[in-house]
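These notes concern the structure reproduced below.
In this note's numbering, the protein residues as written are 4 to 370.
Have a look at this one:
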């Protein structure tokens, strides 16, 4: 795999790359809270008050008051009984799977699920059955393969990062046996989707009764770490995972920053409104220009082109317009890569219009 070019993010929606300052439509800091003055101040204050590291597992002497406080705030924001902090968003899925090993008869995994879910499935100690991406009919057929009396666990992204599409959680739950479980990696949906930002669970209007929602603190909240959102019963179970028990928790200044970011996201409802408006503007304008875009609610705009010559032309046009070309080479993406534009709440109208003008001439070049 090729190593990405180094760059420095500037002024919330720009990046310094190759000696130039360019508009930045990449990354998944959807509200640009990573550089919000109050979030950055919370890091400084947390470092001064608490130091950097508890240097111990939460099971021993590392359960600082900052952690349960942040967990309560997360549970309150996402309207769930409990939350369990982890070191990263990737680890949330591994902690869940490790603690559930042998508990379920089959693991059903969306074929395009995030790598952390693919890794988590291996820890469940049961047969793994992939199903076609977001296809309810194939999901139902895969469930039938499990046989009568099966107790399946389903692993899927909430919002998929390659195109902003959402898993049909409501349809999955209708088909899932009553003692089955749905593990949703909602790293990209949490904070961005739903009327109040509770993610795909809110967007799909489903009960949390059979859902474990795993999130990251590094995207909508712009900080670092992960959290498992679940019932109190499941939290107690997940806290027995060797990965959780044997790990040093999140650095204290980052936990403080995550709490401040959550507070901002809860109070400033204009952030989600601006994100939705900016995303809608880009998608509707590009569709009118002739681009075929997926019907997806997320603030992600994927553009695919046939060959390297077309890709190079688009790259040159974007650079000429002062925009960093977000050409993605990621496991599972096309061999030549594709353009993934990630819209934020903080992009200015001028930046959005520049992006549209740069892309419009290429509307007929796609596959």
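No residue lacks a Cβ here, since even glycine has one placed at the ideal position from N, Cα and C.
With contact defined as three or more Cβ pairs closer than 8 Å, the region 11 to 22 and the region 229 to 242 are not in contact.
For the set 83, 332 and 261, the Cα lying nearest the Cα of residue 46 is the one of 261. Under the three-state reduction of DSSP output, residue 109 falls in the strand class. Per DSSP, the unbroken beta strand (DSSP E) holding residue 12 starts and ends at 11 to 13. With contacts defined as CB atoms closer than 9 Å, residue 265 and residue 274 fail to qualify as a contacting pair. Excluding sequence positions up to five before and after residue 82, its CB lies within less than 7 Å of the CB of 201, all in the same chain and listed in chain order. Secondary structure remark: continuous beta strand (DSSP E) runs of at least 3 residues inside the region 193 to 260, in chain order: 214 to 219 and 229 to 233. In this structure, DSSP gives residue 164 a state outside helix and strand, which the three-state scheme calls coil.
For residue 134, the pairing in a beta bridge is given by DSSP as 113. DSSP, read as helix, strand or coil, puts residue 83 in coil.
Apart from sequence neighbours up to five positions away, the residues of its chain that approach residue 278 with a beta-carbon distance below 8 Å are 33, 34, 195, 302, 346, 347 and 348, ordered along the chain. DSSP places residue 179 in the coil class of the three-state scheme, outside both helix and strand.
Of the other Cβ atoms in all chains shown, fewer than 16 fall within 10 Å of the Cβ of residue 239; this residue is therefore exposed. For residue 25, the three-state secondary structure derived from DSSP is strand.
Checking the DSSP bridge columns, you'll see residue 18 partnered with 12 and 25. DSSP places residue 55 in no beta strand (DSSP E); its state is neither H nor E. For residue 314, the enclosing alpha helix (DSSP H) stretches over residues 311 to 323. The three-state reading of DSSP puts residue 267 in helix, counting H, G and I together.
Between the region 108 to 115 and the region 153 to 173 there are three or more inter-stretch CB-CB distances shorter than 8 Å, so the stretches are counted as touching.
Looking at the DSSP output, residue 157 sits in a beta bridge with 111 and 185.
Excluding residues up to 5 positions away in sequence, 89, 241, 244, 246 and 247 lie with their Cβ nearer than 6 Å to the Cβ of residue 98 in the same chain. In terms of Cβ geometry, residue 204 and residue 216 form a close pair [threshold 9 Å]. Non-local beta-carbon contacts of residue 366 in its own chain, meaning distances under 7 Å to residues more than five positions away in sequence, involve 292, 293 and 294 in chain order.
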